[in-house]
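Sequence order for the protein chains is R and E. Numbering (this note's numbering) for the first sequence: 1 to 436. Numbering (this note's numbering) for the second sequence: 437 to 614. Think of the CB as a built atom: it goes at the ideal place given N, C-alpha and C, for glycine as much as any other residue. These numbers come from a predicted model, not from an experiment. Please read the structure below before turning to the comments.
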Amino acid sequence: MSWGSILTLMFASKVGLLLTALPVAFVFFIINIVGSYLIFGGFPGLEQMVRNEQLSVAQFSLVPIPLFVLMGEVLFHTGLAMKSIDAVDAVIRRVPGRLAVVTLVAGTIFSAISGSTIATTAMLGSLLLPQMLQRNYEPKTAMGPILAIGGVDILIPPSGLAVLLGSLAGISISGLLVGGIVPGLILAALFIGYVILRCWLNPELAPTYEDTGAPVAHPWLNLIVTVLPLIGIFALVVVSMIGGWATPTEASALGALATVLVALLYRQLTWESLQKSLMGTASISGALLFIIVGATTFAQLLSFSGATAGLVALIESSNLPQTVILIGMLTILLVLGFFIDQTSIMMITLPFYMPILRAMGVDLVWFGILYLLCMQIGLLTPPFGLLLFVLKGVSPPGITVGLIYRAAIPYVWLTILMMVLIFVFPAIVTAFVASP
Amino acid sequence: MQMIFRLNGWLVRLLCILAVASIAAMTLGISAEVVLRMFGFPSIVGLIELTEYGLFISTFFAAPHLLRTNEHIRVDILMSRVDQTTARNLEYFALACIILICVITGAVSTLIMIGNIQSATLIFKDLIFPQWWLDWIIPLTSLAMAVQALELMVMLKSHPVSTEASEHVPGLRAEELP
Numbered sequence: 001m002s003w004g005s006i007l008t009l010m011f012a013s014k015v016g017l018l019l020t021a022l023p024v025a026f027v028f029f030i031i032n033i034v035g036s037y038l039i040f041g042g043f044p045g046l047e048q049m050v051r052n053e054q055l056s057v058a059q060f061s062l063v064p065i066p067l068f069v070l071m072g073e074v075l076f077h078t079g080l081a082m083k084s085i086d087a088v089d090a091v092i093r094r095v096p097g098r099l100a101v102v103t104l105v106a107g108t109i110f111s112a113i114s115g116s117t118i119a120t121t122a123m124l125g126s127l128l129l130p131q132m133l134q135r136n137y138e139p140k141t142a143m144g145p146i147l148a149i150g151g152v153d154i155l156i157p158p159s160g161l162a163v164l165l166g167s168l169a170g171i172s173i174s175g176l177l178v179g180g181i182v183p184g185l186i187l188a189a190l191f192i193g194y195v196i197l198r199c200w201l202n203p204e205l206a207p208t209y210e211d212t213g214a215p216v217a218h219p220w221l222n223l224i225v226t227v228l229p230l231i232g233i234f235a236l237v238v239v240s241m242i243g244g245w246a247t248p249t250e251a252s253a254l255g256a257l258a259t260v261l262v263a264l265l266y267r268q269l270t271w272e273s274l275q276k277s278l279m280g281t282a283s284i285s286g287a288l289l290f291i292i293v294g295a296t297t298f299a300q301l302l303s304f305s306g307a308t309a310g311l312v313a314l315i316e317s318s319n320l321p322q323t324v325i326l327i328g329m330l331t332i333l334l335v336l337g338f339f340i341d342q343t344s345i346m347m348i349t350l351p352f353y354m355p356i357l358r359a360m361g362v363d364l365v366w367f368g369i370l371y372l373l374c375m376q377i378g379l380l381t382p383p384f385g386l387l388l389f390v391l392k393g394v395s396p397p398g399i400t401v402g403l404i405y406r407a408a409i410p411y412v413w414l415t416i417l418m419m420v421l422i423f424v425f426p427a428i429v430t431a432f433v434a435s436p
Numbered sequence: 437m438q439m440i441f442r443l444n445g446w447l448v449r450l451l452c453i454l455a456v457a458s459i460a461a462m463t464l465g466i467s468a469e470v471v472l473r474m475f476g477f478p479s480i481v482g483l484i485e486l487t488e489y490g491l492f493i494s495t496f497f498a499a500p501h502l503l504r505t506n507e508h509i510r511v512d513i514l515m516s517r518v519d520q521t522t523a524r525n526l527e528y529f530a531l532a533c534i535i536l537i538c539v540i541t542g543a544v545s546t547l548i549m550i551g552n553i554q555s556a557t558l559i560f561k562d563l564i565f566p567q568w569w570l571d572w573i574i575p576l577t578s579l580a581m582a583v584q585a586l587e588l589m590v591m592l593k594s595h596p597v598s599t600e601a602s603e604h605v606p607g608l609r610a611e612e613l614p
C-alpha cells in the first residue's frame, strides 16, 4: 500500500471515529491497534504499541504540564484569584467597558501564574460573566474578553501547551516560555485597546454603573499587596529558567510549591482546596497526557509507513518559496484547529513539520510561538474550541453556543493580526530569547 | 455484577488517589532537589527517573476516573445534534470500542509482564529494579477501564444520554465554580 493511501486511511478513520464521540485518546488507540498489527507486523507490533504507551509519557520534559496546571488550580480553588479580581477592579474605574477591561487585566495576571487555560477561563467566566450580564453588558462584549484571555494564557508562562510543544518538537522549552512573554503582553494590550475603543464608540455595549460595595481605602496599595506575590511567583519561574538555576521542569515545581506557600501565607489554603486543586490537576493533565499515550504510536505508524518522509519529500521538491510553505503550514494548523484538539494537532503535524523547518533553517522558537498562536485560535474556533465549551459550561441559561462562537470572532482576528506582526517582525519573539 | 462494579468503583477511586499522590510527590521531590542543589548538597539519586515513572503512573491511574466522570476529551459535534436514540447508540459504540481496546491492550501488556517476570528482565538506569514493577500498571488500568466502561454501558440502559458539551471538559465541575 502506498504512503498516500495509508495517510488517507489513517486520517479518514481518525475523523470518522472522532465524530462518533469516542474520546480522542481512544480514537488513537483503535487506529494504533489495527495499524500496529498491519504495519508493524502482527503480534510484535502490538507489543511495540504497548511498550510505546509506557515510554510516551515517562519523560522528564513533560512533567511541567501537571505542575503548571497545579499552579492555576491552586489559584482557582483557594480563592486567591477572586481577591486579585477585586483588587484590579478597585483601581480600574473610569474606563469604557470597565468590567470587560478588568477581565482582561486580571486574566493577564492569572496567565502569569496559571498554566491551566481551562481554569482561567472557567474562573473568569463564572465570576465576571454574571456580573457583566447583570449590568446590561451586551453578551458578546461580556463573553469575548473571557474567551480571549484564555489564549493569552497559552503564551505567557507558565504554559502547559508550550511545554508540550517544546517537548514533542525538540524546541527549547525555556525559549518558548520566555519568547511568549512579549507577544502575550502585546496581545493582551490589543484586546484591551479593542474593548475600550468599541465601548467608547458605542457606550450601550457596556453601560456605566454606580459602585454599591464599600470603597477600598487604598486601592493601589491593595493591588500591590494582592498581586505582587503572584507576580513574584511568575518571576521565580521565569528568572530561574533564564538564570540557568533551574530547568523548565524544576522551575515548574518551584512555581507550584510557591503558589501553595503563597496561598498558605494568605490563609486561603485549606485541606479541601488543596485536595480539589490536586484532583483538578490530575483530571486536566491526565486527559491531556492520555492523548499523548495514544498519539505517540500514531505518529510512529505514520513515520514507519513512509507517510512522513513521503510528504516531506513532496514539499521539499515543490520548490515553493519558504514564506509560502510557512504560511501553508500555519494555515493547515488553523484548519485542523476547527476539528481536532491541540494535543492531537501537535502529534499529527510535528513529525511532518519539524524536518521541513530544520531543513529550511527557520528559527524554531519563532515558529513555535506562531504555532502556539494557531493553537490558541483553535481553542476559540467552532466546533471543537475547548474554551467555547468551558464558557458554555459556566454561562447562565439563555447563552447559546452560537452567541459564544460569535463573541470569539473579533479576538480570533486580533490574534491573526498578532501572527502577522510576529511574521513580519520576528524580533518580537527572538529579541528576548537567548541564542542557542 | 453489581458487586464487581462496586469493587471496581473503589479501585478507580484508589487509582485516582494514587495519581494525585504521585503529582504531589513529584512537586515536592523536584522542588527539594533544586533547593538542595542551591545549598550545595548533591542531587537526589534517581529522582529524575522516579519523576518520569510518577508521570506515567499519574497519567494511567487517572484515566479510569476520567472515564467514570466523563472527562476524557471528546468531539461532540455529532452527539449534540442527534436525537436521543442515535446518541445512545453512539455512546454504546464508544463504550464497546473502549472495552475492546482495554481487552486487547490488557491482554498484550499482561503477556509482556509475564514474559518479563519469566526472563527476570531488569531496568538499568540510575535505579536498577525488575521491569515487571512497572509492567503491572497498564494491565490493571486496562482492567479498571474495561469494567468501568461495562458499568457505564449497563447504566446507559436506564439513564438518558447527556449531550451537554460542558460535561466533557476535564477538570471542570459546576459545583466547584465560585
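The three-state reading of DSSP puts L586/E in helix, counting H, G and I together.
S56, V57, A58, Q59, F60, L62, V63, I65, P66, L67, V69, L70, E73, F76, H77, G79, A81, M82: these are the residues of the stretch 56 to 89 of chain R whose beta carbon lies less than 9 angstroms from some beta carbon of chain E, given in chain order. For the options F432/R, T281/R, G79/R, V15/R, the alpha carbon positioned closest to that of V69/R is the one of T281/R. According to DSSP, residue pairing for I564/E in a beta bridge involves F560/E.
Chain R has a Cβ within less than 8 angstroms of the Cβ of I574/E. Look at the stretch 275 to 304 of chain R: the residues with a C-beta under 9 angstroms from a C-beta of chain E are Q275, K276, L278, M279, G280, T281, A282, S283, I284, S285, G286, A287, L288, L289, F290, I291, I292, V293. Between the stretch 187 to 205 of chain R and the stretch 80 to 88 of chain R, the count of C-beta pairs closer than 8 angstroms stays below three; the two stretches do not touch. Against chain R, a Cβ distance below 9 angstroms from E469/E picks out E250, A253. Listed by position along chain E, the residues whose Cβ is nearer than 7 angstroms to that of F26/R are C533, I534, I537. One Cα belongs to F492/E, the other to V216/R, and the distance between them is close to 48 angstroms.
Under the rule that a run must span 4 or more residues, the alpha helix (DSSP H) segments found entirely inside the stretch 194 to 279 of chain R read 219 to 242, 248 to 265.
Against chain E, the beta carbon of V50/R has neighbours under 7 angstroms at T541, V544, S545, I548, I574, listed in chain order. The beta-carbon of A256/R is placed less than 8 angstroms from the nearest beta-carbon of chain E.
Residue-level contact by beta carbon fails for P203/R and chain E, as no gap is shorter than 8 angstroms. Taking the Cα of T463/E as reference, the smallest distance to any Cα among W568/E, H501/E, F475/E, E488/E is reached at E488/E. Pairwise C-beta distances place the stretch 574 to 585 of chain E in contact with the stretch 525 to 540 of chain E, as three or more of them are shorter than 8 angstroms.
Restricting attention to L364/R, L302/R, F423/R, L386/R, the CA atom closest to the CA of G166/R is found in L364/R. One finds nothing in chain R with a Cβ atom closer than 7 angstroms to the Cβ of V590/E; even the nearest lies about 19 angstroms away. The C-beta distance from M549/E to P575/E rounds to 6 angstroms, short enough to meet the 8 angstroms contact threshold. Inside the stretch 324 to 357 of chain R, DSSP marks no whole beta strand (DSSP E) run of 3 or more residues. Beyond the five residues adjoining it in sequence on each side, V27/R comes within less than 7 angstroms, by CB distance, of K14, L17, L18 in the same chain, given in chain order.
Contact annotation: T297/R and S61/R have beta-carbon atoms that are not nearer than 8 angstroms.
When 9 angstroms is used as the limit between beta carbons, F565/E is near no residue of chain R, the shortest such separation being about 14 angstroms. When secondary structure is reduced to three states using DSSP, G79/R falls in the coil class, being assigned neither helix nor strand. Chain-ordered, the chain E residues with CB closer than 8 angstroms to the CB of A246/R read V470. Annotation for T400/R: no alpha helix (DSSP H) segment contains it, and DSSP assigns it neither H nor E. The continuous alpha helix (DSSP H) containing H501/E extends over residues 483 to 504. The residue from V239/R, I377/R, G255/R with its alpha-carbon nearest to that of I65/R is G255/R. Pairing T505/E with V239/R, the inter-Cα distance amounts to about 38 angstroms. Cβ proximity to chain E below 7 angstroms picks out D341 from the stretch 339 to 350 of chain R. Secondary structure at E53/R: helix, using DSSP grouped into helix, strand and coil. Burial of I149/R is indicated by the presence of at least 16 other C-beta atoms within 10 angstroms of its C-beta.
Note on geometry: alpha-carbon atoms of A461/E and G243/R lie some 26 angstroms from one another. Closer than 7 angstroms at the C-beta level to chain E, one finds these residues of the stretch 9 to 36 of chain R: L18, L19, T20, A21, L22, P23, V24, A25, F26, F29, I30, I33. Straight-line spacing of the CA atoms in Y209/R and Y137/R works out to 11 angstroms.
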